[in-house]
Ligand SMILES: [Zn+2]
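In the working numbering, the protein residues as written are 4 to 329.
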């Protein structure tokens, strides 16, 4: 074979400038969403053991975190609330005095340009740790919907820019859309956790928000990892119910789902680079088993290349710093 008989793709890789010129995928802090765990109290930074660098924060320290994020160009945050008291119906989730509702106002006061998304679910607020009202040994879908709707409205009233229902109850997007519209929040978009899998990679998050189910698990409402086409039906249903953005969660083990969804649906797609994905890289990096920064950027690049427009990641601030340092 002579050299004009095979392709010459290596010519593209000769130097960094050329490689950068031809990069098909580019990460930007503008596409990152930084999740935070907000608790009541002040001056709190409680480290989350399996997620080194990530803390539970109180309202005031949440503002500091949002400032750190904004300084490196990450202008969107996703808030999870952890109440002091939990009960069977997760009643604290709708209170204007709870950590999330107060954090929204506090962040907005200092950073009016920061886009605040709130997680809408009950599992952080229920004493049994399930995402809805439990009757017998299962979660009652339809009894849960009004509570999720009320929670979303309370977040909008507190000033949330977008709400993100994550309970995986059928009809949750429609219920929330109707309630927001009735309360004059028709311009608040909904990001549906459309394809949310029952995943082992949520483990560190459950430690972070103390929401491990006290009995059973979430497999009766979250999707089985075996399901690809069913994810497309979930996404389609969310869009029909009025979701403005869709989400695939987790990201790394579900890149095929992100890819398929990005080709099939003309809606922005967020991918959730979840706690277990963060912990794996952190732990292996700490042990010296891989180069942490490179592994992190490779994973985020893969998520974007698969078709995600937005990436929800605990590494948002760090990744933005790495991007800025070239
Ligand atoms: Zn939940």
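Note that CB positions come from ideal geometry on N, CA and C, so glycine has one too.
All values reported here derive from a predicted model rather than from experimental measurement.
For residue 12 and residue 18, the rounded distance between their alpha carbons: In the chain shown, residue 18 corresponds to position 15, counting from 1. In the chain shown, residue 12 corresponds to position 9, counting from 1. In this model, residue 18 and residue 12 are separated by some 13 Å (Cα to Cα).
Beta-bridge partners of residue 129, as assigned by DSSP: Along the chain shown, one-based indexing puts residue 129 at 126. Per DSSP, the beta-bridge partners of residue 129 are 90.
Opening and closing residue of the alpha helix (DSSP H) in which residue 331 lies: The chain is shown from 4 up to 329; residue 331 falls before or after that span and cannot be answered.
Straight-line Cα distance separating residue 7 from residue 252: Start at 1 with the first residue of the chain shown, and residue 252 comes out as number 249. Start at 1 with the first residue of the chain shown, and residue 7 comes out as number 4. If you take the alpha carbons of residue 252 and residue 7, they lie about 46 Å apart.
Residue 170 CB to nearest heavy atom of ligand 1 below 6 Å: Reading the chain shown from its first residue, position 167 is the one you call residue 170. Residue 170: yes, Cβ under 6 Å from ligand 1.
Paired residues, beta bridge with residue 193 - DSSP: As a first step, residue 193 must be located in the chain shown, where it is residue number 190. Bridge partners of residue 193: 166.
Continuous alpha helix (DSSP H) stretch holding residue 208: start and end: Indexing the chain shown from 1 puts residue 208 at position 205. Boundaries of the alpha helix (DSSP H) around residue 208: 206–212.
Cβ neighbours of residue 276 in the same chain (closer than 8 Å, five flanking residues each side left out): The residue given as residue 276 occupies position 273 in the chain shown. Shown here for residue 276: same chain residues with a beta carbon closer than 8 Å to its own, the five before and five after excluded, namely 253, 254, 255, 302, 303, 306, 314, 315, 316, 317 and 318 in chain order.
C-alpha gap between residue 211 and residue 322, whole angstroms: Counted from its first residue, the chain shown places residue 211 at position 208. Counted from its first residue, the chain shown places residue 322 at position 319. Cα-Cα distance, rounded: 21 Å.
Three-state secondary structure assigned by DSSP to residue 317: If you number the chain shown from 1, residue 317 lands on position 314. Reduced to three states, the DSSP call for residue 317 is coil.
For residue 145 and residue 90, believed in contact at Cβ under 8 Å, the rounded distance: On the chain shown, residue 90 is found 87 positions in, with the first residue counted as 1. On the chain shown, residue 145 is found 142 positions in, with the first residue counted as 1. 20 Å between Cβ atoms; not a contact.
Secondary structure of residue 108, DSSP reduced to three states: If you number the chain shown from 1, residue 108 lands on position 105. Helix at residue 108.
CB contact flag (residue 88, residue 214, <7 Å): Looking up residue 88 in the chain shown gives position 85. Looking up residue 214 in the chain shown gives position 211. The answer is no: Cβ separation not under 7 Å.
For residue 38: DSSP bridge partner residues: In the chain shown, residue 38 corresponds to position 35, counting from 1. DSSP output for residue 38 lists 81 as bridge partner(s).
Option in 50, 156, 171 and 274 with minimal Cα separation from residue 165: Locating residue 165 in the chain shown gives position 162, counting from the first residue. Considering only alpha carbons, the answer is 156.
Simplified DSSP state of residue 75, which is helix, strand or coil: As a working mapping, residue 75 is identified with position 72 in the chain shown. Coil.
Neighbourhood of residue 108 by C-beta distance below 7 Å, restricted to the same chain and skipping five residues each side: Position 105 of the chain shown, counting from 1, holds the residue named residue 108. By the criterion of a C-beta distance shorter than 7 Å, residue 108 is surrounded in its chain by 161 and 162, once the five residues flanking it on both sides are discounted.
Helix, strand or coil at residue 216 [DSSP, three-state]: Position 213 of the chain shown, counted from the start, is the residue given in the question as residue 216. Reduced to three states, the DSSP call for residue 216 is coil.
Beta-carbon proximity list for residue 147, same chain, < 6 Å, skipping 5 on both sides: For this step, residue 147 is matched to residue 144 along the chain shown. 135, 136 and 172.
Opening and closing residue of the beta strand (DSSP E) in which residue 118 lies: Stepping through the chain shown from its first residue, residue 118 is reached at position 115. Note, residue 118: beta strand (DSSP E), 118–123.
Nearest residue (CA-CA) to residue 180, options 31, 245, 61 and 72: Start at 1 with the first residue of the chain shown, and residue 180 comes out as number 177. Ranking 31, 245, 61 and 72 by Cα distance to residue 180 puts 245 first.
Member of 324, 51, 270 and 68 whose CA lies at the smallest distance from the CA of residue 281: Residue 281 sits at position 278 when you count from the first residue of the chain shown. The shortest Cα separation from residue 281 among 324, 51, 270 and 68 belongs to 51.
Given 8 Å, three or more beta-carbon pairs between the segment 59–79 and the segment 39–46: A contact exists between the segment 59–79 and the segment 39–46.
Residues near residue 274 in its chain [Cβ-Cβ closer than 6 Å; skip 5 each side]: Locating residue 274 in the chain shown gives position 271, where the first residue counts as 1. Same-chain partners within the cutoff: 251, 254, 261, 306, 311 and 314.
Neighbour-count burial assignment, residue 191, 16 or more Cβ in a 10 Å radius: Your numbering for residue 191 matches position 188 in the chain shown. Looking at its Cβ environment, which holds 16 or more other Cβ atoms inside 10 Å, residue 191 is buried.
Neighbourhood of residue 140 by C-beta, 8 Å cutoff - its chain only, sequence neighbours within 5 removed: Translated into positions along the chain shown, residue 140 becomes position 137. For residue 140, where only same-chain residues beyond five positions count, the Cβ hits under 8 Å are 218 and 219.
Nearest neighbour of residue 100, chosen from 85, 92 and 112 [CA to CA]: Your numbering for residue 100 matches position 97 in the chain shown. Looking from the CA of residue 100, the closest CA among 85, 92 and 112 belongs to 85.
Contact set for residue 150: own chain, Cβ-Cβ below 8 Å, skip 5 residues either direction: The residue labelled residue 150 in the question sits at position 147 within the chain shown. Result list for residue 150: 92, 93, 96, 97, 125, 135 and 136, in chain order.
Cβ neighbours of residue 76 in the same chain (closer than 6 Å, five flanking residues each side left out): Counting from one through the chain shown, the residue named residue 76 turns up at place 73. Within the same chain, residue 76 has close Cβ partners 32 and 323.
Cβ distance (whole Å) where residue 238 is taken to contact residue 197 below 8 Å: By one-based count along the chain shown, residue 238 stands at place 235. By one-based count along the chain shown, residue 197 stands at place 194. That belief holds up - the Cβ atoms of residue 238 and residue 197 are roughly 4 Å apart, short of 8 Å.
Residue 288 to residue 159 span [Cα, whole Å]: Translated into the one-based positions of the chain shown, residue 288 becomes position 285. Translated into the one-based positions of the chain shown, residue 159 becomes position 156. For residue 288 and residue 159, the distance between alpha carbons rounds to 39 Å.
Alpha helix (DSSP H) segment containing residue 296, residue limits: As a working mapping, residue 296 is identified with position 293 in the chain shown. Secondary structure note for residue 296: its alpha helix (DSSP H) is the uninterrupted segment 295–309.
Whole-angstrom C-beta distance between residue 45 and residue 59, which should lie under 8 Å: Position 56 of the chain shown, counted from the first residue, corresponds to residue 59. Position 42 of the chain shown, counted from the first residue, corresponds to residue 45. That belief does not hold up - the Cβ atoms of residue 59 and residue 45 are roughly 13 Å apart, past 8 Å.
CB contact flag (residue 403, residue 278, <7 Å): Because residue 403 is not part of the residues shown, which for the chain are 4 to 329, the question remains open.
Own chain residues within Cβ distance below 7 Å of residue 106, not counting five before or after: In the chain shown, the residue the question calls residue 106 occupies position 103. Excluding residues within five positions, the ones whose Cβ falls inside 7 Å are 41, 62, 65 and 82.
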